[in-house]
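Participant:
In UniProt numbering, the protein residues as written are 1 to 299.
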């Protein structure tokens, strides 16, 4: 009987040790899972090419103020050296690039790229209005994190899903950003209308100043900046590679100006042709000189 009791106690101690060991293993797995939890380490390199105007510079300054995880670099000298941008992003420890390319006649193009391997989205920027130009009543804390609001139309097309993913990495401020403030007081909205992406920035107002008492009321007040993006192409790599998507509805500003000049030239040609026809009709209506004319009688 004593032997049986000793055996049961020994088995109970072994079972208790196994349970304790299992608890320790579960706690270790939980700690290891917390340690291996993926952190959002997004950094964006912001730069432009030579030839940008004052409005383009103010737009870049507004974006730098809105995104505390942005690193601003000097201008790129040549527009034909886009292959150097992934190396610049690597040197600045950035895994995203926002590059503004200026062309003639104040045409502005924006590249949104996931470096170093892509993909890249090239867009035409139109209807630029900066914060200083709009003079909106809204205001937000500099360095605060903003919510991203995407239109449901982004999920209806493949290029929309890819663009949404790239914008999420670029405009989504990570919690661990060095200059980020622990506040969320504005919303960055991206809407698709007429095959264009409309960007707006709104402040979240929790209480109406006209009604100081009562339940809190949430409203939105636009801050700025605002601009419109027209997608042109999506490339497989970073600033190069095979074309994944091409917008068939996009007409370049140079082609539009050329068509306008041709139209104006056509109007000039039609006017000169009308003048020639008028002179011909005048010549046909002119009567021949009579025999009793003064010039013949007193010749």
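Each residue gets a CB set at the ideal place from its N, CA and C atoms; glycine is no exception. Fair warning: this is a prediction, and the values are worked out from it, not measured in the lab.
When you compare each of 295, 68, 185, 269 to residue 42 by their alpha carbons, which one comes out closest?
Facilitator: If you number the chain shown from 1, residue 42 lands on position 42. The shortest C-alpha separation from residue 42 is found at 68.
Participant: Report the option in 289, 98, 283, 191 whose CA atom is closest to the CA atom of residue 155.
Facilitator: Here residue 155 refers to the residue found at position 155 of the chain shown. The candidate whose alpha carbon is nearest that of residue 155 is 191.
Participant: Considering residue 263, what are the terminal residues of the beta strand (DSSP E) in which it resides?
Facilitator: Counting from 1 along the chain shown, the entry for residue 263 is found at position 263. From DSSP, residue 263 is part of no beta strand (DSSP E) but of the alpha helix (DSSP H) over 253-285.
Participant: In whole angstroms, what is the alpha-carbon distance linking residue 115 and residue 258?
Facilitator: Reading the chain shown from its first residue, position 115 is the one you call residue 115. Reading the chain shown from its first residue, position 258 is the one you call residue 258. Those two C-alpha atoms are separated by around 35 angstroms.
Participant: With 16 as the cutoff for other CB atoms within 10 Å, does residue 186 come out buried or exposed?
Facilitator: Along the chain shown, read from residue 1 onward, the residue named residue 186 stands at position 186. Buried is the call here.
Participant: What's the C-alpha gap between residue 229 and residue 163?
Facilitator: The count along the chain shown starts at 1 and reaches residue 229 at position 229. The count along the chain shown starts at 1 and reaches residue 163 at position 163. Looking at the two C-alpha atoms, the distance is approximately 11 angstroms.
Participant: Quick one: Cα of residue 179 to Cα of residue 131, how far?
Facilitator: To locate residue 179, count along the chain shown from 1; it is residue 179. To locate residue 131, count along the chain shown from 1; it is residue 131. In a straight line, the C-alpha of residue 179 is about 21 angstroms away from that of residue 131.
Participant: If you draw a straight line from the alpha carbon of residue 61 to that of residue 188, how long is it in whole angstroms?
Facilitator: For the purposes of this step, residue 61 is taken as residue 61 along the chain shown, with counting starting at 1. For the purposes of this step, residue 188 is taken as residue 188 along the chain shown, with counting starting at 1. Roughly 16 angstroms between the two C-alpha positions.
Participant: For the alpha helix (DSSP H) that residue 55 lies in, which residues bound it at each end?
Facilitator: Along the chain shown, one-based indexing puts residue 55 at 55. Unbroken alpha helix (DSSP H) run through residue 55: 54-66.
Participant: What would DSSP say about residue 173, mapped onto helix, strand or coil?
Facilitator: Position 173 of the chain shown, counted from the start, is the residue given in the question as residue 173. Coil at residue 173, not helix or strand.
Participant: Considering only their Cβ atoms, is the gap separating residue 79 from residue 47 smaller than 8 angstroms?
Facilitator: Counting from one through the chain shown, the residue named residue 47 turns up at place 47. Counting from one through the chain shown, the residue named residue 79 turns up at place 79. No.
Participant: If you reduce the DSSP assignment to three classes, tell me which class residue 69 lands in.
Facilitator: For the purposes of this step, residue 69 is taken as residue 69 along the chain shown, with counting starting at 1. In the structure shown, residue 69 sits in coil (DSSP, three-state: anything other than H, G, I, E or B).
Participant: For residue 127, which residues of its own chain have a beta-carbon under 7 angstroms away from its beta-carbon, when the five flanking residues on both sides are left out?
Facilitator: Here the question's residue 127 lines up with position 127 in the chain shown. Here the set comprises 227, 228.
Participant: So, using beta-carbon positions, are residue 112 and residue 197 closer together than 8 angstroms?
Facilitator: Position 112 of the chain shown, counted from the start, is the residue given in the question as residue 112. Position 197 of the chain shown, counted from the start, is the residue given in the question as residue 197. No, they are not a contact pair.
Participant: Would you give the residue range spanned by the beta strand (DSSP E) that residue 131 belongs to?
Facilitator: On the chain shown, position 131 is the one that residue 131 refers to. Unbroken run through residue 131 is the alpha helix (DSSP H), 131-134; no beta strand (DSSP E).
Participant: Smallest Cα separation from residue 101: which of 109, 94, 95?
Facilitator: Within the chain shown, numbered from 1, the residue matching residue 101 stands at position 101. The candidate whose alpha carbon is nearest that of residue 101 is 109.
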